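Presented below is the structure to which this report refers.
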Amino acid sequence: MKRLFAATAACALVLSTPPLAFAQSAGTGPGRALILGTPRGAAQALQQAGLQVTFDSSLRSAQLRQGLSALYQKGGDGPLVIVLNGSFAHGGGETWFLGAEAADQATAPDLATVGAVGVNLDTVLAIAATRPGQALVVLGDTNSSPDLGDGLKVGLGDLDVPQGVTVLWGPADKVSAFVSGPLSHPGRSLAALVKDGQSLRADGYVSGVAPFLRAAPQQSAQTPPSGAADDAAWQVAMQAGTIPALQAYLNSFPQGAHSQDARSEIAKIQAEPDRAARQAEQALNLSTRQRRQIQRNLSLLEHNPHGIDGVFGQGTRSAIKDWQLHEGGVRATGYLTAQQIATLNDQAQARQKQLQAQAEQRKQAEDAKDRAYWDQTGAKGDRAGLQAYLDRYPDGQYADVAQARIDKLDAARTGAVAQQDRDAWNAAKERDTVRAYRRYLREFPQGAFADRAGEQIHRLTVDAGGSQAEQAARTDEQNLALTGFTRNLVERRLAGLGFDPGAVDGKFTAQTRRAIRRFQRAAGLPPTGYLNQQTLVRLVAGVPN
């Protein structure tokens, strides 16, 4: 089993004892190349260099097998290049290049089934070995992989490279830059190519005697690269969008047609320190629903995103930075990785369970106090006791009973009340707001229920901190722009948590407002009876909407 050496070390080692038999037997026929997973510009660059290129960007194992079969059957005595950019898996002493279909399997491929969705690199190397001294295999690892089953690990394993075969390996973007740049320039030996590969690693046969790709007879060593090769290399560099890829272009074309653009792009990348983080988050292609869930999770963890709308604006970015700073050990970029999203979700779920447990404890304690006070006051049945209970527990367990008994006592005391007066009072009770009770008093200042209206205004004013606070709470709820579905969801959640909202119909009545206030008290939130972002998140967190 051969080890992978740094490119420069490989040159020094192999050049000391070059296997001349391979170099001397090198043919002069047309070279062939099989290119999978690189930008099209890389394939075009090799085509410009005189190779017959088979290119496929589908990354499916069936296409790779067909391409390898064609290479094997056609034979020939010219140079052979095989470039594989994509995902790799290894296990049991073997390595596979995974096809795109590996991610579509119902069951993750394991050591026993990976052969159906990937191509064994031993097969690739065996085909390359049919051209000893002229075979170059270049492997670009994207550092990503579908879920893998037992016996498999992500990435390349140790390779047993046959005699006469050269293998280069490294990150996919650097491989693409190498193929479109140094490799596409005829006249360089394998040793020179390995050296030009910079951070790529090398294994196997590396000769410094003969050029790997022979220059066309009409071209001298001083002939500048063609414009097509320049353009192809630039396309590869721009698609990679990284400083190493752009620098690789400049190394190959220091005075190229796009050299100034390359330098400008490098300066632009350096001026945006979080560019890589932004691009990584963009690559996740988060849906609006996923973004809303992230915003809910941030809000649950008390990092305010200033809205749960699926839009990552300045407020959400600040909340993400706050969370990242709170986490520690993570650079606070304001952009999320897949792992951070998973961590954030786990933390939010744990926090939601904790908050629900705390709310249940508060509810039980409050209910116990409620019952005890009812026994001391309202249970006796006199109006003073009933009113005392309502003053302390306007949304209590026995509030409806107390109110009904007071109504009965008042009706007996006042006798027949004008129908208009009673209708206005019933309308005010239905709305159960300071504004509604004040409207009743304006219309019936001496009405049969004037005292009761004053009591209700006092209750709501004290409970919500005054009419201004009530208006602010109402505005907060209006700003949420609740849909009928969300209102129904709120009512279902209230009912499920033991806070009776009345009919689940999406209409927020006085009973619904009372249920919201009871939930807010149990959750340790201001009991306004209106929804705001914090109440809504606490109430429906974890429920799909």
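Numbered per mature numbering (1 follows the signal peptide of the UniProt record, and there is no 0), the sequence shown spans residues -23 to -1, 1 to 522.
No residue lacks a Cβ here, since even glycine has one placed at the ideal position from N, Cα and C.
Being a predicted model, the structure only gives us computed values, none of them experimental.
Between which two residues does the beta strand (DSSP E) containing His67 stretch? By 1-based counting over the sequence shown, the position of residue 67 is 90. First-last of the beta strand (DSSP E) with His67: Leu57 to Gly68.
Rounded Cβ spacing between Ala79 and Val94 (contact assumed at less than 8 Å): If you number the sequence shown from 1, residue 79 lands on position 102. If you number the sequence shown from 1, residue 94 lands on position 117. Right, the Cβ-Cβ distance comes to about 4 Å (below 8 Å), so this counts as a contact.
Could you tell me the alpha carbon to alpha carbon distance between Gly431 and Leu418, rounded to whole angstroms? Along the sequence shown, one-based indexing puts residue 431 at 454. Along the sequence shown, one-based indexing puts residue 418 at 441. Rounded to whole angstroms, Gly431 to Leu418 spans 8 Å at the Cα level.
Looking only at DSSP bridge pairs, what is Gly233 linked to? Taking the sequence shown and counting its residues from 1, one reaches residue 233 at position 256. According to DSSP, Gly233 bridges with nothing at all.
Residues in the same chain with beta-carbon distance under 8 Å from Glu71, minus the five sequence neighbours each way, listed in chain order, please. Against the sequence shown, residue 71 aligns to sequence position 94. Asn97, Leu98, Asp99 and Gly134, listed in sequence order.
Through-space distance from Arg273 to Ile285, alpha-carbon basis: Against the sequence shown, residue 285 aligns to sequence position 308. Against the sequence shown, residue 273 aligns to sequence position 296. Those two C-alpha atoms are separated by around 7 Å.
If you follow the alpha helix (DSSP H) that Val183 is in, where does it begin and where does it stop? On the sequence shown, position 206 is the one that residue 183 refers to. Here Val183 belongs to no alpha helix (DSSP H), and DSSP marks it neither H nor E.
Range of the contiguous alpha helix (DSSP H) that encloses Thr100: Within the sequence shown, the letter at position 123 stands for residue 100. Looking at the DSSP string, the run of the alpha helix (DSSP H) that includes Thr100 is Leu98 to Ala105.
When DSSP labels each residue in this structure, what does Leu167 get in the three-state scheme? Numbered from 1 along the sequence shown, position 190 holds the residue referred to as residue 167. Note: Leu167 maps to helix in three-state DSSP.
Examine the Cβ distances between the segment 404 to 421 and the segment 486 to 498 and report whether three or more of them are shorter than 8 Å. Verdict: yes, contact present.
Is Phe74 closer than 8 Å to Gly63 when the C-beta atoms are compared? As a working note, residue 63 is residue 86 in the sequence shown. As a working note, residue 74 is residue 97 in the sequence shown. In this structure, the beta-carbon distance from Gly63 to Phe74 falls below 8 Å.
State buried or exposed for Ser46, treating a residue as buried only when at least 16 other CB atoms are found within 10 Å of its CB. Taking the first residue of the sequence shown as position 1, residue 46 is located at position 69. Classification for Ser46: exposed.
Any chance the segment 320 to 328 sits against the segment 266 to 282, with 3 or more Cβ pairs inside 8 Å? yes
Closest Cα partner of His280 within the set Gln267, Ile297, Ser236 and Ile246: On the sequence shown, position 303 is the one that residue 280 refers to. Looking at the Cα atoms, Ile297 is the closest of the given residues.
Check whether the Cβ atoms of Asp347 and Gln374 sit closer than 8 Å, and answer yes or no. The count along the sequence shown starts at 1 and reaches residue 347 at position 370. The count along the sequence shown starts at 1 and reaches residue 374 at position 397. Cβ atoms of Asp347 and Gln374: closer than 8 Å.
The segment 15 to 22 in contact with the segment 210 to 230 per 3-pair CB rule at 8 Å: yes
Going along the chain, which unbroken runs of the alpha helix (DSSP H) with 4 or more residues stay wholly within the segment 69 to 140? Correct list: 98 to 105.
Leaving out five residues before and five after Gln196 in sequence, what residues of the same chain have Cβ atoms less than 6 Å from its Cβ? Position 219 of the sequence shown, counted from the start, is the residue given in the question as residue 196. Low per-residue confidence applies at Gln196: pLDDT is 45, beneath 50, and the placement is therefore not dependable, though the value from the model is reported in the following sentence. Closer than 6 Å at Cβ, skipping near neighbours: no residue.
Under the DSSP definition of a beta bridge, which residues are partnered with Leu145? Reading the sequence shown from its first residue, position 168 is the one you call residue 145. BP columns for Leu145 point to Val115 and Ala179.
How many whole angstroms separate the CB atoms of Gly475 and Thr486, which I take to be in contact at a CB cut-off of 8 Å? By one-based count along the sequence shown, residue 475 stands at place 498. By one-based count along the sequence shown, residue 486 stands at place 509. 18 Å between Cβ atoms; not a contact.
With DSSP run on the structure shown, which of helix, strand or coil describes Pro188? Position 211 of the sequence shown holds residue 188. Strand at Pro188.
Considering only residues of the segment 309 to 383, which uninterrupted alpha helix (DSSP H) runs meet the minimum length of 4 residues and lie entirely inside it, listed in chain order? 315 to 353 and 360 to 369
Check whether the segment 236 to 256 and the segment 291 to 306 touch, using three or more Cβ-Cβ pairs below 8 Å as the test. no
Is it buried or exposed, Asp118, if we count other Cβ atoms within 10 angstroms and call 16 or more buried? Residue numbering aside, residue 118 sits at position 141 when the sequence shown is read from its first letter. Taking all protein chains in view, the Cβ of Asp118 is crowded by 16 or more other Cβ atoms within 10 Å, so the residue is classified as buried.
Skipping 5 residues on each side, what residues in its chain have a beta carbon closer than 7 Å to that of Phe230? Here the question's residue 230 lines up with position 253 in the sequence shown. Counting only Cβ-Cβ distances below 7 Å, and skipping sequence neighbours, we find Pro202, Asp207, Ala210 and Ser236.
Might you give, ordered along the chain, the residues of its own chain that have their beta carbon closer than 7 Å to the beta carbon of Asp124, omitting 5 neighbours on each side? Locating residue 124 in the sequence shown gives position 147, where the first residue counts as 1. Closer than 7 Å at Cβ, skipping near neighbours: Ala85.
Counting C-beta neighbours from all protein chains within 10 Å, is the total for Gly69 16 or more, i.e. buried, or is it exposed? Stepping through the sequence shown from its first residue, residue 69 is reached at position 92. Exposed: under 16 other Cβ atoms inside 10 Å.
Could you tell me the distance, in whole angstroms, from the CA atom of Arg191 to the CA atom of Gln25? Locating residue 191 in the sequence shown gives position 214, counting from the first residue. Locating residue 25 in the sequence shown gives position 48, counting from the first residue. Cα-Cα distance, rounded: 13 Å.
In three-state DSSP terms, what is Ala154? Translated into positions along the sequence shown, residue 154 becomes position 177. It is helical.
Assuming Ala427 contacts Phe421 (C-beta within less than 8 Å), just tell me the rounded distance between them. Sequence index remark: in the sequence shown, residue 427 carries index 450 (1-based). Sequence index remark: in the sequence shown, residue 421 carries index 444 (1-based). Rounded, the Cβ-Cβ distance is 7 Å, consistent with contact.
Return the residue from the list Leu459, Gly483 and Asp387 that minimises the CA-CA distance to Gly424. Residue 424 sits at position 447 when you count from the first residue of the sequence shown. The shortest Cα separation from Gly424 among Leu459, Gly483 and Asp387 belongs to Asp387.
Where Gln267 sits in the DSSP three-state scheme: Locating residue 267 in the sequence shown gives position 290, where the first residue counts as 1. Gln267: helix per DSSP, three-state reduction.
Look at the alpha carbon of Arg436 and the alpha carbon of Ala349, and state the distance between them as a whole number of angstroms. The residue you call residue 436 lines up with position 459 of the sequence shown. The residue you call residue 349 lines up with position 372 of the sequence shown. So the two alpha carbons sit approximately 21 Å from each other.
For Gly501, which residues from the same chain have a beta carbon less than 8 Å from its beta carbon, with the 5 sequence-adjacent residues on both sides left out? In the sequence shown, residue 501 corresponds to position 524, counting from 1. If we look at Gly501 and ignore the five residues flanking it on each side, its Cβ neighbours are Gln335, Ala336 and Arg339.
Assumed close pair Val138, Gly181 - CB separation to whole angstroms, cut-off 8 Å: Stepping through the sequence shown from its first residue, residue 138 is reached at position 161. Stepping through the sequence shown from its first residue, residue 181 is reached at position 204. The distance from the Cβ of Val138 to that of Gly181 is about 4 Å, consistent with a contact at the 8 Å cut-off.
Looking only at its own chain, which residues have a Cβ that is under 6 Å from the Cβ of Gln40, when we skip the five neighbours before and after it? Residue 40 sits at position 63 when you count from the first residue of the sequence shown. These residues qualify, in order along the chain: Asp33.
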